[in-house]
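Chains as they are written, first to last, in our numbering: chain A, 1 to 257; chain B, 1001 to 1257.
Here the structure comes first, spelled out in structure tokens, and everything after it is commentary.
Number of protein chains: 2
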Amino acid sequence: MKRLLLCCAAFGLVTTGEAKVVEQTVEYRDGEVTCRGFLVYDDNLPGPRPATMVIHDWTGLGDFVRDYCRRLAALGYVALAADYYGQGTTAASPQEAGKLAGAVRGTPAMRTRGSAALAVLQQHPRVDRTKVVALGFCFGGTAALQLSYTGAELAGVVSLHGGLTPPEAGDVGKLRARYLILHGADDPHVPPAQVQTFEEALRAAQVDWQLIAYGGAVHAFTNPAAGHDPSRGAAYHEGAAKRSWEHLKLFLAEVCG
Amino acid sequence: MKRLLLCCAAFGLVTTGEAKVVEQTVEYRDGEVTCRGFLVYDDNLPGPRPATMVIHDWTGLGDFVRDYCRRLAALGYVALAADYYGQGTTAASPQEAGKLAGAVRGTPAMRTRGSAALAVLQQHPRVDRTKVVALGFCFGGTAALQLSYTGAELAGVVSLHGGLTPPEAGDVGKLRARYLILHGADDPHVPPAQVQTFEEALRAAQVDWQLIAYGGAVHAFTNPAAGHDPSRGAAYHEGAAKRSWEHLKLFLAEVCG
């Protein structure tokens, strides 16, 4: 077995009201690569819990994803931010981000990196492995889809402004998750033709899916760090960000219920 | 003034727990046509309340729409089912429904019938006229859109498996509602090309909009009376019906908040 849960490298405990929030850096391996995930859960909730695996955008596992995990943990989910780049590497510039994402996208690592992180979550004593949802942002949305195409045991998959790569012919029979696609209707990186091709693929695969298009939103609409100029193709959109959070919560409650 | 609130023709009072549910048949006029709407609200809630105007499908104002209004009233909204056919006429067959809808669709009545009902709701002492949402099913979804194209004072518009007629060029500047389109992704009556044209129109009008496509759902997916055979192009879809209700609730809470 290539993938191995090595240790909990760091440990944090935050007590807030009735919640007893545990934050851990979790090391695990995908082949030769050592990954550093970020795990959060409320230790005061009775176990096994539904869980979410959160996949970062092309900049790597940074504060945005960590904060998102904390929000999910506050709802009662065990949340693991996966590390797709190894060693918790993050990018300091779009050029670096492009290089890091490019080294994974389109390679077998796009799937094995996800399977390794998912195994960590599934084997965690606090997790109900029948109620795990993978969700991701931009690059991470595409990665969440790819993980589901392996036939991974996932209750749900959520893409937040992710690239919508359809499954390959050989993968179609493996899909078993329910899909929620949260999409910026004006996203130039995911144009209508790509959306339509993807919808056709899900239709052909006869899976359960929903797609929500937010008018006026472009790429990266959930992330304040994307700035406020939609003409650049990626920008924060407060309304779509809030709506996507509410839609995500509904979906999680449904598929983990 | 052509439109006149004539009287409350019938009156019902249902007390359930803390709620004091009032149900009324409300007569009003659109020109020469006397309409018989159905009004429901909880008389125990402090007034002025957010309100919903519910527009029936091609079969007319029947039990489905009345029940939907009751569900909305249970959430605290004043709910008025509008009567687009006059005299509360309902169809006994698809042929009759087609004839009734055909006599309104594409004529000025498609808008005046909505304006007349909206005025009843806006003038009701229990209603906060700044928080009125028009929603409709199939034919009624199209009618709700048309009402919004008049520049009507609406906080929101919701189409549930409605035909997605875009605004005409002269109407574009009048749109001021927020739009939620709840759409069956496999609806043969509202094909992808129509959806795309509609999205383009809303984009050009620079309004706030969201479109939710439910995979596997066809026309009339909220209505159990539509049967269970999607190959007929119209069928109940339990999953999409439940999701649309949750999505509607979120939207109402947002635009009436």
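Glycine included, every Cβ here is placed at the ideal spot set by N, Cα and C.
The structure presented is a predicted model; accordingly, all values stated were derived computationally and were not measured.
Exercise for the section: Give a yes or no on contact between the stretch 213-227 of chain A and the stretch 248-255 of chain A, applying the rule of three or more CB pairs nearer than 8 Å. Expected result: no
Practice task
Identify each residue in the stretch 1103-1137 of chain B for which the Cβ-Cβ distance to at least one residue of chain A is less than 9 Å, and report them in chain order.
Solution key: none
Practice task
Label VAL54(A) either buried or exposed according to how many other C-beta atoms from any shown protein chain fall within 10 Å of its C-beta, with 16 as the threshold for buried.
Solution key: Mapped onto the first sequence, residue 54(A) falls at position 54. Result: buried.
Practice task
Within the stretch 1094-1180 of chain B, note down every full alpha helix (DSSP H) run reaching 4 residues or more, in order along the chain.
Solution key: 1094-1104, 1109-1123 and 1139-1149
Practice task
Compare the C-beta of GLU1246(B) against all C-beta atoms of chain E and say whether one is closer than 8 Å.
Solution key: Protein chains in the displayed structure are A and B, and chain E is not among them.
Problem - Interface partners of ARG70(A) on chain B, CB under 8 Å - result: Within the first sequence, the letter at position 70 stands for residue 70(A). The premise fails here: ARG70(A) is roughly 23 Å from chain B at the closest Cβ pair, so nothing lies under 8 Å.
Handout entry: Minimum Cβ-Cβ distance from ALA185(A) to chain B less than 8 Å
Key = In the first sequence, counting from the first residue as 1, residue 185(A) sits at position 185. Yes, ALA185(A) counts as interfacial toward chain B.
Handout entry: Rounded distance between the beta-carbons of GLN1196(B) and PRO192(A), thought under 8 Å
Key = In the first sequence, the residue the question calls residue 192(A) occupies position 192. In the second sequence, the residue the question calls residue 1196(B) occupies position 196. Contact flag correct, Cβ pair sits at about 6 Å.
Problem - Reference VAL1190(B); option with closest CA among ALA1144(B), LEU1202(B) and PHE1139(B) - result: Numbered from its first residue, the second sequence carries residue 1190(B) at position 190. Measuring from the Cα of VAL1190(B), the nearest candidate turns out to be PHE1139(B).
Practice task
With DSSP as the reference, label LEU250(A) as helix, strand or coil.
Solution key: Position 250 of the first sequence, counting from 1, holds the residue named residue 250(A). In this structure, LEU250(A) counts as helix in the three-state DSSP scheme.
Exercise for the section: Report yes or no: is there a C-beta of chain B within less than 8 Å of the C-beta of LEU4(A)? Expected result: Taking the first residue of the first sequence as 1, we reach residue 4(A) at position 4. Residue placement at LEU4(A) is flagged as unreliable, the pLDDT there being 43, under the threshold of 50; the coordinate-derived value follows with that caveat. No - not a single Cβ of chain B is within 8 Å of the one on LEU4(A).
Problem - Bounding residues of the beta strand (DSSP E) (the contiguous stretch that carries PRO48(A)) - result: Counted from its first residue, the first sequence places residue 48(A) at position 48. That residue, PRO48(A), is in no beta strand (DSSP E); it is neither H nor E in DSSP.
Exercise for the section: Grab the span of the beta strand (DSSP E) containing ALA82(A) for me, first residue to last. Expected result: Indexing the first sequence from 1 puts residue 82(A) at position 82. ALA82(A) -> beta strand (DSSP E) spans 78-82.
Problem - Limits of the unbroken alpha helix (DSSP H) element including ALA1074(B) - result: Within the second sequence, residue 1074(B) is the residue found at index 74, counting from 1. ALA1074(B) -> alpha helix (DSSP H) spans 1063-1074.
Practice task
Please list the residues of the stretch 1202-1217 of chain B that have a C-beta atom closer than 9 Å to any C-beta atom in chain A, keeping them in chain order.
Solution key: LEU1202, ARG1203, GLN1206, VAL1207, ASP1208, TRP1209, GLN1210, LEU1211, ILE1212, ALA1213, TYR1214, GLY1215 and GLY1216
Problem - N- and C-terminal bounds of the beta strand (DSSP E) containing THR1034(B) - result: Here residue 1034(B) corresponds to residue number 34 of the second sequence, with the count starting at 1. That run of the beta strand (DSSP E) goes 1033-1042.
Problem - Given 8 Å, three or more beta-carbon pairs between the stretch 1017-1032 of chain B and the stretch 170-189 of chain A - result: no
Problem - Paired residues, beta bridge with ALA1213(B) - DSSP - result: Counting from 1 along the second sequence, the entry for residue 1213(B) is found at position 213. DSSP output for ALA1213(B) lists LEU211(A) and HIS1183(B) as bridge partner(s).
Exercise for the section: Closer than 9 Å, Cβ to Cβ, to anything on chain B: give me those residues from the stretch 225-250 of chain A, in chain order. Expected result: GLY239, ALA240, LYS242, ARG243, GLU246, HIS247 and LEU250
Exercise for the section: Let me know the secondary structure DSSP gives GLU1018(B) once reduced to three states. Expected result: For the purposes of this step, residue 1018(B) is taken as residue 18 along the second sequence, with counting starting at 1. Coil at GLU1018(B), not helix or strand.
Exercise for the section: Check the Cβ-Cβ distances between PRO192(A) and every residue of chain B, and say whether any is below 8 Å. Expected result: The residue you call residue 192(A) lines up with position 192 of the first sequence. Closer than 8 Å: yes.
Practice task
Would you give the residue range spanned by the alpha helix (DSSP H) that VAL196(A) belongs to?
Solution key: Taking the first residue of the first sequence as position 1, residue 196(A) is located at position 196. The amino acid occupying residue 196(A) in the given sequence is Gln; Val does not appear at that position. Element bounds for GLN196(A): 192-205.
Practice task
May I have the straight-line CA-CA distance separating GLU200(A) from ALA19(A), to the nearest angstrom?
Solution key: The residue given as residue 200(A) occupies position 200 in the first sequence. The residue given as residue 19(A) occupies position 19 in the first sequence. Straight-line Cα distance between these residues: approximately 43 Å.
Practice task
Reducing DSSP to helix, strand and coil, say where VAL26(A) ends up.
Solution key: As a working mapping, residue 26(A) is identified with position 26 in the first sequence. Three-state result, VAL26(A): strand.
Practice task
State whether the stretch 1081-1091 of chain B contacts the stretch 1113-1130 of chain B, with contact taken as three or more CB pairs (one from each stretch) at a distance under 8 Å.
Solution key: yes
Handout entry: 8 Å Cβ cutoff, TRP1196(B) in contact with chain A
Key = Position 196 of the second sequence, counted from the start, is the residue given in the question as residue 1196(B). First, the amino acid is wrong: residue 1196(B) is Gln here, not Trp. Interface residue, yes.
Problem - Inter-residue Cα distance where the pair is LEU39(A) and ARG71(A) - result: Here residue 39(A) refers to the residue found at position 39 of the first sequence. Here residue 71(A) refers to the residue found at position 71 of the first sequence. Taking the straight line from one Cα to the other gives about 12 Å.
Problem - Neighbourhood of LYS131(A) by C-beta, 7 Å cutoff - its chain only, sequence neighbours within 5 removed - result: Within the first sequence, the letter at position 131 stands for residue 131(A). Once the five neighbours on either side are set aside, the close Cβ partners of LYS131(A) are PRO50, ALA51, ALA155 and CYS256.
Handout entry: Pairwise C-alpha distance: TRP209(A) and GLU254(A)
Key = For this step, residue 254(A) is matched to residue 254 along the first sequence. For this step, residue 209(A) is matched to residue 209 along the first sequence. Roughly 13 Å separates the two Cα atoms.
Practice task
Identify, in the order they occur along the chain, each residue of the same chain with its Cβ nearer than 6 Å to the Cβ of GLN1122(B), setting aside the five sequence neighbours on each side.
Solution key: Here residue 1122(B) corresponds to residue number 122 of the second sequence, with the count starting at 1. Only ARG1129 meet the Cβ criterion.
Handout entry: Own chain, CB closer than 7 Å to CYS69(A), minus 5 neighbours either side, in chain order
Key = Along the first sequence, read from residue 1 onward, the residue named residue 69(A) stands at position 69. Taken in chain order, the residues that qualify are PHE38, VAL40, VAL54, ALA79 and ALA81.
Handout entry: chain B within 8 Å of GLU199(A), Cβ atoms only
Key = To locate residue 199(A), count along the first sequence from 1; it is residue 199. Yes, because at least one Cβ of chain B sits closer than 8 Å to the Cβ of GLU199(A).
Practice task
Please work out which residues of its chain come closer than 7 Å, Cβ to Cβ, to ALA234(A), disregarding the five sequence neighbours upstream and downstream, and give them in chain order.
Solution key: Start at 1 with the first residue of the first sequence, and residue 234(A) comes out as number 234. For ALA234(A), where only same-chain residues beyond five positions count, the Cβ hits under 7 Å are VAL218, HIS219, ALA220 and ALA226.
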